[in-house]
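Going down the list, the sequences are from chains A and B. Residues in the first sequence are numbered consecutively from 1, following the numbering used here. Residues in the second sequence are numbered consecutively from 637, following the numbering used here. Yeah, the Cβ is synthetic: ideal placement off N, Cα and C, and Gly gets one too. A quick write-up on the structure given underneath.
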Amino acid sequence: MKDLLKFVTCGSVDDGKSTLLGHMLYDAKLLYTDQRQALELDSRIGNKDGRIDYSLLLDGLMAEREQGITIDVAYRYFHTQNRSFIAADAPGHEEYTRNMAVGASFAQLALILVDASRGILVQTKRHIRICILMGIRHYVFAVNKMDLLSYNRESYLKIQKELEKIIDEISSEAFQKQNASAAVLPYESVYILPVSAAEGDNITKKSGNMTWFEGCPLLEYLETVDVTYKNSGSGFMMPVQRVVKPQSRCAWKTSSLEDTNFRGFQGQIENGLLHTGEEITALPSREKAKVEEIFVTDRKVETAVAGQAVTLRLDKEIDISRGSVLVTGKGPDVSSMCTAVLLWMDEVPLLAGKNYYIKVGTKMLPATVMSIKYSIDVNTGMHLPAQQLQKNEIACCDLVFSEKTVFTSFEQNKALGGFLLIDRISNQTAACGVIRHSLRRSDNLTWQETTIGRKERSEQKGQSPKTLWFTGLSGAGKTALANEIEKRLWKMGKHTMLLDGDNVRMGLNKNLGFKEQDRIENIRRVSEVAKLFNDAGLIVLASFISPFERDRENAREIIGRDDFIEIYVSTSLKECERRDVKGLYRKARAGEIPNFTGIGSPYEVPENPDIVINTEGKSLSENADDLMRQLEKWLL
Amino acid sequence: MNPLSHLDELEAESVYIMREVAAECEKPVMLYSIGKDSSVMLHLALKAFFPEKPPFPFLHIDTTWKFHEMTEFRDRRAKELGIEMLVYTNEEGLAQGVNPFDYGAAYTDIMKTQALKQALNKYGFTAAFGGGRRDEEKSRAKERIFSFRNTEHAWEPKNQRPEMWKLYNTRIKKGESIRVFPLSNWTEADIWQYIQREKIEIVPLYFAKLRPVVYRDGNIIMVDDGRMRLKEGEKMEMKKIRFRTLGCYPLTGGMESQADTLDAIVAETLGAVSSERTSRVIDHEESGSMERRKREGYF
Chain A
1 MKDLLKFVTC GSVDDGKSTL LGHMLYDAKL LYTDQRQALE LDSRIGNKDG RIDYSLLLDG
61 LMAEREQGIT IDVAYRYFHT QNRSFIAADA PGHEEYTRNM AVGASFAQLA LILVDASRGI
121 LVQTKRHIRI CILMGIRHYV FAVNKMDLLS YNRESYLKIQ KELEKIIDEI SSEAFQKQNA
181 SAAVLPYESV YILPVSAAEG DNITKKSGNM TWFEGCPLLE YLETVDVTYK NSGSGFMMPV
241 QRVVKPQSRC AWKTSSLEDT NFRGFQGQIE NGLLHTGEEI TALPSREKAK VEEIFVTDRK
301 VETAVAGQAV TLRLDKEIDI SRGSVLVTGK GPDVSSMCTA VLLWMDEVPL LAGKNYYIKV
361 GTKMLPATVM SIKYSIDVNT GMHLPAQQLQ KNEIACCDLV FSEKTVFTSF EQNKALGGFL
421 LIDRISNQTA ACGVIRHSLR RSDNLTWQET TIGRKERSEQ KGQSPKTLWF TGLSGAGKTA
481 LANEIEKRLW KMGKHTMLLD GDNVRMGLNK NLGFKEQDRI ENIRRVSEVA KLFNDAGLIV
541 LASFISPFER DRENAREIIG RDDFIEIYVS TSLKECERRD VKGLYRKARA GEIPNFTGIG
601 SPYEVPENPD IVINTEGKSL SENADDLMRQ LEKWLL
Chain B
637 MNPLSHLDEL EAESVYIMRE VAAECEKPVM LYSIGKDSSV MLHLALKAFF PEKPPFPFLH
697 IDTTWKFHEM TEFRDRRAKE LGIEMLVYTN EEGLAQGVNP FDYGAAYTDI MKTQALKQAL
757 NKYGFTAAFG GGRRDEEKSR AKERIFSFRN TEHAWEPKNQ RPEMWKLYNT RIKKGESIRV
817 FPLSNWTEAD IWQYIQREKI EIVPLYFAKL RPVVYRDGNI IMVDDGRMRL KEGEKMEMKK
877 IRFRTLGCYP LTGGMESQAD TLDAIVAETL GAVSSERTSR VIDHEESGSM ERRKREGYF
């Protein structure tokens, strides 16, 4: 039976990765002849001396051929007698680090090229660091361009020694910060060999130019290396992808099924194995049930193993939905805080305190990066203090999830220890990360369930506590309107609290400035305060310019979607500037206030506000009448 | 030693991808082109959701120039399996008489690319499974499994969303859509071996048989109906041929072969000397033509 090896090739810009892979396929006769003809044709156009340029086989995108560099991962497929291979050719340039990480996340083995004529470069170390981070446990270093060094043995041995030292350094540096449970070595095998990709030495056959080298050629090594994942021995684990609905049965092969009311749980087994009749626990609910039937896709089996896509039927109905994790035994922790290492991939930098979606296993939920502990210099491994994180940077961070969820450390299990952070507005994959460990703090700081809660407090006051969030330009009339509404609510016997931007900044938030991270923290604190007042049963009126959609989204998330009423005071910039109650627009126009909303900095108009009030041409009392009418359905 | 073979691993990966889409995407559809890759995709979909029916419809873009045996096969399979099969044709193009003989590259654009966009817009699908494989062509080799399209259905190869481990970010804005390629990591040989292992039914055109053909620009073109135009000097003859890929009959080259059983086809394919896209006439036009068409919204 043939198995599958997935590997990634990396190296710096001119190390000759594409050439090496291209040459291997060409020599091993693993190319179809028309691809070979196209290659010979292509290289005659692009090349001066008419020699075959093997890299053209892999650099598929037109933009890349024009620039002569690889910007995205190219996947190549080939079979030999012994194995099926998928090779991901990853870009080496620092600017495309995230694309390299994509290739590395997919691979079981890394083939890293080193240009013997230039020695080990900063990039080589960066690539090792990324491969270790993404969980690769097997390494092959091809010391390339030996032809340029006249196949000199001493030069090779020097590089070999240096490589051995570097991989030990990088792997211990990546793991020293962890708790004692990390007895696992970050890598399992390392093979170093001298090659020439352009000339074909030690690629598919032993080089006659380097008889001093005793190891086997590259292809032979790739065909035989054992990359079987040695799991930590803990029990069965399966994140649930979906629940099979019993009502819409297929006409295909289902006639043999006895149970017409089939309800099953589908997923891929990520660890261990499972037998019919075993007891499983569903996390996070911790409810238990026995396994009645196991199907590997459509085939009923007694036992299923890691890697298989299964559907499980249980002996009783328990609380399981997408994102639940089924385990035997105790299973992993359920927690809402962790420490993780992130690779930032978005153009928009990471700021602590910002809210994202996190996808871990099959679960997606809101999460906040609470703090950046330190960034890690991807070239040197140095830990550096950091306020924010730019694209292609790596950092160690603490994360808090919106609810308790199931995860493991990445070393323990890739599927439940790796995650994505997704920008809630742009939907971009902002970062990928690996969980180092859960934080106990969240267990010790469990939410104090008090006997008297929001419900009791608001019932006593006979009102439903909401936060009315007034957003709009400076001078739009937000605070005047909020003030008027509060007066009216007070007259009706309602209990209220008004939070105003300027006032909050004089007290609670007086240590905050106007930089981006301060702005985010300002809104976060205000939102938490609003939520506490809501918990006290009060109706909160919050008046904040809050010009950015992402900040308002953050506030909405903290306060709760159902309790957050967005009121957009839509007075135009022209009118606000004409009023200029505080003289701020004049100053901003004179250049005295940089980044003033509407002048030097944009105001993002809310996409779906609950209520819009335009104050132009109407009196305060008319506007308040209008708003009170619209608020009725929420407050009364 | 890994207890799963490479086919087991590929199957499990495709099933995982299909289940993720069904669980997370608002309105998925599976494109069905009737070819062998579509047959494998359909088979995987049946397995992935068993005993439930695949929780999405299937869509065939019919240029009206498909082989007759293909449309018959499509209708019969849909009926047998009880799956929902949508068929869409660009009626405007049809009315204008757009055909593969007079329109060249414009034919593919109007009857396939534009028709596909029209169909996706008509039904408002947010995710469409396609049977594309990365071993087919160089620009495909760089495409992600989840490939994002803007509101114009265009692909931006320079700014692809990173795809890590098996975590797929399926979030999109209104009007955007995702093309999902669950067979990305399969090769042509894998497809044939899997068809053999799973005994998957495929269109009879894949098996060698005596068929009426003409030789044209190095390709063997089958004369499937009376609309086929013969050029001067071309004459129809009977040859034992089969097809490695299927499409519109005037644009699909067959090959002379004696392989009339699955075992013979697999044996022939594993020893093949030319990659399968040589039999698609449009790919030869120029280096990079596939990438250009994909950017414009072709599958």
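- Our two residues, F514(A) and I523(A), have alpha carbons roughly 12 angstroms apart in a direct line.
- Close to chain B, meaning a Cβ-Cβ distance shorter than 7 angstroms, are the following residues of the segment 342-360 of chain A: M345, K359.
- Cβ-Cβ distances below 8 angstroms link G307(A) to Q268, I269 in the same chain, with the five nearest sequence neighbours on each side left out; the list follows chain order.
- For T224(A), the uninterrupted alpha helix (DSSP H) segment begins and ends at 218-224.
- Listed in chain order, the non-local C-beta contacts of P385(A) below 7 angstroms within the same chain comprise Y374, local neighbours out to five positions each way being set aside.
- For S458(A), the three-state secondary structure derived from DSSP is helix.
- Sorting E220(A), A395(A), R488(A), V605(A) by C-alpha distance to the C-alpha of H383(A) places A395(A) at the top.
- The closest CA to that of V305(A), considering only L312(A), K316(A), E484(A), N271(A), is found on N271(A).
- For F533(A), the three-state secondary structure derived from DSSP is helix.
- Contact of E662(B) with chain A by beta-carbon distance below 7 angstroms is absent, the smallest such distance being about 13 angstroms.
- Two segments are said to touch when three or more pairs of C-beta atoms, one from each, lie closer than 8 angstroms; by this definition the segment 671-678 of chain B does not touch the segment 853-862 of chain B.
- Along the length of the segment 656-690 of chain B, whole alpha helix (DSSP H) runs at least 4 residues long occupy 672-685, reported in chain order.
- Beta-bridge annotation (DSSP): C10(A) is paired with I112(A).
- Taken through DSSP and simplified to helix, strand or coil, N757(B) comes out as helix.
- Across the structure, P547(A) and N379(A) are spaced so that their CA atoms are roughly 38 angstroms apart.
- Around the Cβ of V122(A), a 10 Å sphere holds fewer than 16 other Cβ atoms; the residue is exposed.
- For Y739(B), none of the residues of chain A pass the 9 angstroms Cβ criterion, the least Cβ distance being about 25 angstroms.
- Only residues of its own chain outside the window of five on either side were considered, and among them V143, N144, K145, M146, L148, L149, S155, Y156, I159, P194 have a CB closer than 8 angstroms to the CB of A116(A), listed in chain order.
- In chain order, M800, W801, L803 make up the part of chain B whose C-beta sits under 8 angstroms from the C-beta of G418(A).
- Residue burial annotation: W212(A) is exposed, with fewer than 16 other C-beta atoms found within 10 angstroms of its C-beta.
- Distance from the CA of G507(A) to the CA of I559(A), rounded to the nearest whole angstrom, comes to 21 angstroms.
- For A282(A), same chain residues with a beta-carbon under 7 angstroms away, outside a window of 5 residues either side, are I318, D319, I320, S324, L326 in chain order.
- Within the segment 116-182 of chain A, the complete alpha helix (DSSP H) segments at least 4 residues long are 122-133, 153-175, listed from N- to C-terminus.
- DSSP places R776(B) outside any beta strand (DSSP E), giving it a letter other than H or E.
- In the three-state reduction of the DSSP assignment, N795(B) falls in the helix class.
- Against chain B, the CB of Y26(A) has no partner CB under 8 angstroms away; the residue lies outside that interface.
- Ranked by Cα distance from L635(A), the options G493(A), C216(A), V225(A), K478(A) are led by G493(A).
- Per DSSP, V723(B) lies in no alpha helix (DSSP H); the unbroken beta strand (DSSP E) holding it starts and ends at 721-724.
- For R313(A), the enclosing beta strand (DSSP E) has its first and last residue at 309-314.
- R586(A) is classed as exposed because its beta carbon has fewer than 16 other beta carbons within 10 Å across all chains shown.
- With respect to chain B, the C-beta atom of L4(A) has a partner C-beta closer than 8 angstroms.
- In its chain, beyond the 5 residues on either side, L193 have a beta carbon closer than 6 angstroms to the beta carbon of G215(A).
- For H383(A), the beta-bridge partners assigned by DSSP are I376(A).
- Think of a sphere of 7 angstroms around the beta carbon of S105(A): the chain B residues whose beta carbon falls inside it are M800, W801, in chain order.
- Taking 8 angstroms as the upper bound on Cβ-Cβ separation, chain A lies near residues L682, K683, A684, F685, F686, P687, E688, K689, P690, P691 of the segment 673-700 of chain B.
- When C-beta atoms of the segment 646-662 of chain B are compared with those of the segment 745-754 of chain B, fewer than three pairs fall below 8 angstroms, so the two segments do not count as touching.
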